[in-house]
Amino acid sequence: MKNNLYIYNALNRKKEKFEPINPPFVGMYVCGPTVYGDSHLGHARPAITFDLVFRYLKHLGYKVRYVRNITDVGHLVNDADEGEDKIAKKAKLEQVEPMEIVQKYTNSYHKNMEQLNTLRPSIEPHASAHIIEQAEMAKKILENGFAYEVNGSVYFDVAKYSKKYNYGKLSGRILDDLQSNTRELEGQSEKKNPFDFALWKKAMPEHIMRWPSEWSIGFPGWHLECSVMSTKYLGDKFDIHGGGLDLQFPHHECEIAQSKAANGYDSVKYWMHNNLITLDGQKMSKSLGNFIMLDEMFSGDHELLEQAYSPQVVKFFMLQAHYRNPLDFSNKALKAAQKGLERLMNGISALDKIKPAKNSSFDVNIIKNKSYEALNDDLNTPILIAHLFDGIKKINSVIAGTETINENDLSELKALYNIMFFEILGLTNDSESSSSNGKLDDVMNLLLNLRTDAKKNKDFETSDKIRDKLNEIGITVKDKKDGFEWEIKQL
RNA sequence: GGUCACGUAGCCAAGUGGUUAGGCAGCGGUCUGCAAAACCGUCUACAGCGGUUCGAAUCCGCUCGUGACCUCCA
Numbered sequence: 012m013k014n015n016l017y018i019y020n021a022l023n024r025k026k027e028k029f030e031p032i033n034p035p036f037v038g039m040y041v042c043g044p045t046v047y048g049d050s051h052l053g054h055a056r057p058a059i060t061f062d063l064v065f066r067y068l069k070h071l072g073y074k075v076r077y078v079r080n081i082t083d084v085g086h087l088v089n090d091a092d093e094g095e096d097k098i099a100k101k102a103k104l105e106q107v108e109p110m111e112i113v114q115k116y117t118n119s120y121h122k123n124m125e126q127l128n129t130l131r132p133s134i135e136p137h138a139s140a141h142i143i144e145q146a147e148m149a150k151k152i153l154e155n156g157f158a159y160e161v162n163g164s165v166y167f168d169v170a171k172y173s174k175k176y177n178y179g180k181l182s183g184r185i186l187d188d189l190q191s192n193t194r195e196l197e198g199q200s201e202k203k204n205p206f207d208f209a210l211w212k213k214a215m216p217e218h219i220m221r222w223p224s225e226w227s228i229g230f231p232g233w234h235l236e237c238s239v240m241s242t243k244y245l246g247d248k249f250d251i252h253g254g255g256l257d258l259q260f261p262h263h264e265c266e267i268a269q270s271k272a273a274n275g276y277d278s279v280k281y282w283m284h285n286n287l288i289t290l291d292g293q294k295m296s297k298s299l300g301n302f303i304m305l306d307e308m309f310s311g312d313h314e315l316l317e318q319a320y321s322p323q324v325v326k327f328f329m330l331q332a333h334y335r336n337p338l339d340f341s342n343k344a345l346k347a348a349q350k351g352l353e354r355l356m357n358g359i360s361a362l363d364k365i366k367p368a369k370n371s372s373f374d375v376n377i378i379k380n381k382s383y384e385a386l387n388d389d390l391n392t393p394i395l396i397a398h399l400f401d402g403i404k405k406i407n408s409v410i411a412g413t414e415t416i417n418e419n420d421l422s423e424l425k426a427l428y429n430i431m432f433f434e435i436l437g438l439t440n441d442s443e444s445s446s447s448n449g450k451l452d453d454v455m456n457l458l459l460n461l462r463t464d465a466k467k468n469k470d471f472e473t474s475d476k477i478r479d480k481l482n483e484i485g486i487t488v489k490d491k492k493d494g495f496e497w498e499i500k501q502l
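Positions 12 to 502 (this note's numbering) are the ones given, in order, by the first sequence.
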């Protein structure tokens with residue numbers, strides 16, 4: 012399996028050639044959501060980023076197993092090791108079973124991800140279904156001497172681990188700095204050091220999500236689930252581990268430590284992180300309360316939104332920035348993305364109207380090669396999209412008569428847009444379904460033919476009235492030399 | 001306070017030693033009954049100050065500004 016793909020590996024902080032451990036197989040694990048609430052804009056970014064990775068690797072011919080977990084236990088509200096479980100807290104609030112919460116928000120996550128046209132992962136494991144494996148891993152770390160038990164809880168001994176391995180190598184942190192900078196929080200007295208983290212927590216009486224173990228009736232620590240589920244389904248060593256940049260420390264750092272402490276090696280070859288979405292320059296976060304739900308984006312029902320933005324617009328907006336750079340949300344930028352996407356889609360539909368000439372006045376292969384170059388350079392979608400726009404300009408020029416294209420190049424170009432736009436970027440033309448309504452077509456043809464008659468009779472008052480009223484309804488009419496075109500406006 | 005990023009035209013956003021990124025908006029033109037769409041043209045920037053270099057937005061230093069992580073978050 013040949014490829015020329017370079018991806019940025021957070022472990023070494025540079026772009027590296029992508030060479031899977033066992034080609035043609037590729038294993039990719041991505042940290043999924045903790046399902047205790049509806050998905051917000053921030054959830055869309057890793058989903059879109061790693062969907063792109065998934066799609067491109069498949070396009071290159073790899074057999075990709077994409078595992079993305081559902082966190083439904085062990086993720087606590089306040090501190091990693093103290094406080095209420097997020098799921099349990101929400102369950103209490105909504106007066107339902109914890110697993111009802113899990114199901115409800117898993118469903119809503121799936122719905123949003125489908126709207127964004129991201130592919131389902133190959134396996135979507137739940138943390139709560141892997142309690143035994145998590146306890147086993149904790150035991151292994153304990154046996155290897157990198158953890159200690161206190162009052163039924165098991166903690167990872169970071170200081171001891173650091174003597175043998177490098178804790179902080181992923182996030183570039185130095186233990187001494189952590190030591191002097193970690194805040195002292197209440198209830199951490201059990202731990203030898205404040206930066207130690209829980210592998211197993213004894214459940215307090217009010218804690219309803221609990222399982223038996225040899226140490227206590229309790230629940231696993233948050234970081235353990237990803238170490239366990241990734242290797243269970245992808246093998247001891249696998250290719251790509253992804254997630255949001257905010258998870259780099261401590262979550263991913265702890266995963267590395269757990270793997271090394273248990274097995275003596277890091278399981279992951281390439282660590283990839285998508286950067287975050289900001290709102291007015293600030294990260295969206297629960298504590299600041301400045302986050303927008305995906306449902307609100309799609310409906311426009313939020314005080315910060317000037318209009319609704321379709322899932323495709325939101326996706327395109329994100330793909331126009333590189334995944335490793337922060338992206339600031341604004342109505343202005345979203346609207347620009349919407350216009351740009353329309354231009355791109357109109358151009359792609361226009362491909363079908365082109366009549367091929369004998370010769371081509373431009374080189375389709377250049378666009379094609381540059382598109383692949385962009386993807387191979389750490390999935391540089393902004394560059395890819397720029398080249399796609401260049402192609403659209405050529406397409407429009409052919410229609411305008413200033414460029415020509417031959418039959419062979421035309422089918423090459425069509426294939427290219429199918430691959431890049433639909434298959435790899437995973438964008439869709441969501442107006443297509445509505446325009447394939449036969450009866451509506453008939454009605455529109457009737458109406459617009461009447462308008463054409465009015466125009467012939469120089470009755471522009473009537474023709475403009477039809478066009479303006481249709482526009483109000485949400486249908487754009489475009490006059491052509493030899494007739495007319497109409498389309499249902501997208502949000 | 002510690003660690004790490006970033007600062008690119010009106011807005012968004014790539015690039016990262018020499019060559020037009022791209023999109024949106026604006027302006028002028030072509031087309032059109034008028035629009036819309038499209039095409040052609042135009043506007044052409046790299047926070048500031050020093051340094052390295054034949055050459056720097058790109059490398060180095062300092063200054064200013066913004067943000068992230070260090071605590072749950074994608």
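Glycine included, each C-beta is placed from N, C-alpha and C at the ideal position.
Roughly how many angstroms separate the alpha carbons of residue i and residue j, rounded to a whole number?
i	j	result
Q269	L338	32 Å
W497	N336	38 Å
K491	A58	41 Å
G183	N429	41 Å
I435	G38	18 Å
N440	A344	20 Å
E144	K280	22 Å
L210	N14	39 Å
L130	Y320	21 Å
K248	S278	4 Å
L451	L395	36 Å
K476	K294	47 Å
H121	G43	11 Å
N301	D464	54 Å
D90	H313	With a pLDDT of 44 at D90, under the threshold of 50, the predicted position of this residue should be treated as unreliable, though the coordinate-derived value follows. So the alpha carbons of these two residues sit roughly 30 Å apart.
E443	N357	With a pLDDT of only 48 at E443, under 50, the local geometry of the prediction cannot be trusted, and no value is derived from it.
E483	I499	11 Å
S50	Q126	12 Å
I219	V165	19 Å
D470	D453	23 Å
E414	L362	13 Å
K68	P31	The sequence given here places Leu at residue 68; Lys does not occur at that position. For L68 and P31, the distance between alpha carbons rounds to 11 Å.
V488	R478	6 Å
R354	F328	14 Å
D207	R56	30 Å
By alpha-carbon positions, which one of the options ends up nearest to residue i?
i	options	result
N23	N15, K326, L153, L181	L181
E225	N162, E264, K271	N162
G156	E144, I365, G275	G275
Q114	L130, T82, L127	T82
M240	N15, H137, I152	H137
K103	R56, R66, E217, R354	E217
C237	G229, M220, P261, I228	P261
A146	L235, D479, L305	L235
E105	Y47, K150, A149	Y47
Y176	T242, A272, L457	A272
N342	E423, E317, K69	E317
G254	A158, T45, D207	T45
K213	M148, L305, E160	E160
K222	N80, H141, H252	Before going on, a small fix: residue 222 reads as Trp here, not Lys. Cα-wise, what sits closest to W222 is H141.
G292	F340, L421, M304, L305	F340
G179	F208, V75, I267, G246	I267
P35	K74, H54, A21	K74
K150	G232, L305, I18	G232
D306	N80, M148, K425, L52	L52
E201	K243, A158, M124	A158
S132	R66, A170, L386	Going by the sequence as given, residue 132 is Pro instead of Ser. When only C-alpha atoms are compared, the closest one is R66.
Rounded to the nearest angstrom, how far is the Cβ of residue i from that of residue j, given a contact under 8 Å?
i	j	result
V325	L352	About 10 Å; that fails the 8 Å criterion.
P322	N118	Not quite, the Cβ-Cβ distance comes to about 17 Å (not below 8 Å), so this is no contact.
K203	D257	That belief does not hold up - the Cβ atoms of K203 and D257 are roughly 26 Å apart, past 8 Å.
Note to self: Assess contact between the region 276–293 and the region 94–103, defined as three or more Cβ pairs (one per stretch) separated by less than 8 Å. Is contact present?
What the structure shows: They do not touch, by the three-pair rule.
Next item on the list: Check whether the region 368–382 touches the region 317–333, counting contact only when three or more Cβ pairs, one atom from each stretch, lie closer than 8 Å.
Entry: no
Note to self: For the pair the region 56–72 and the region 382–397, tell me if three or more CB-CB distances fall below 8 Å.
What the structure shows: yes
Notebook entry, point to check: Is the region 395–402 in contact with the region 377–386, if contact means three or more CB pairs nearer than 8 Å?
Noted result: yes
Notebook entry, point to check: Is there contact between the region 351–366 and the region 402–414, where contact requires at least three CB pairs shorter than 8 Å?
Noted result: yes
Check: In chain order, which beta strand (DSSP E) runs of at least 3 residues are fully inside the region 203–227?
Finding: 209–213
Check: In chain order, which alpha helix (DSSP H) runs of at least 4 residues are fully inside the region 342–369?
Finding: 342–361
Margin query: Threshold first: 4 residues or longer. Then list the alpha helix (DSSP H) segments lying entirely within the region 108–174, N to C.
Written below: 109–126, 142–154
Item checked: Unbroken stretches of the beta strand (DSSP E), 3 residues or longer, contained in the region 260–338 -> Taking 3 residues as the shortest admissible run, the region 260–338 contains the following complete beta strand (DSSP E) segments, listed from N- to C-terminal end: 279–285, 288–290.
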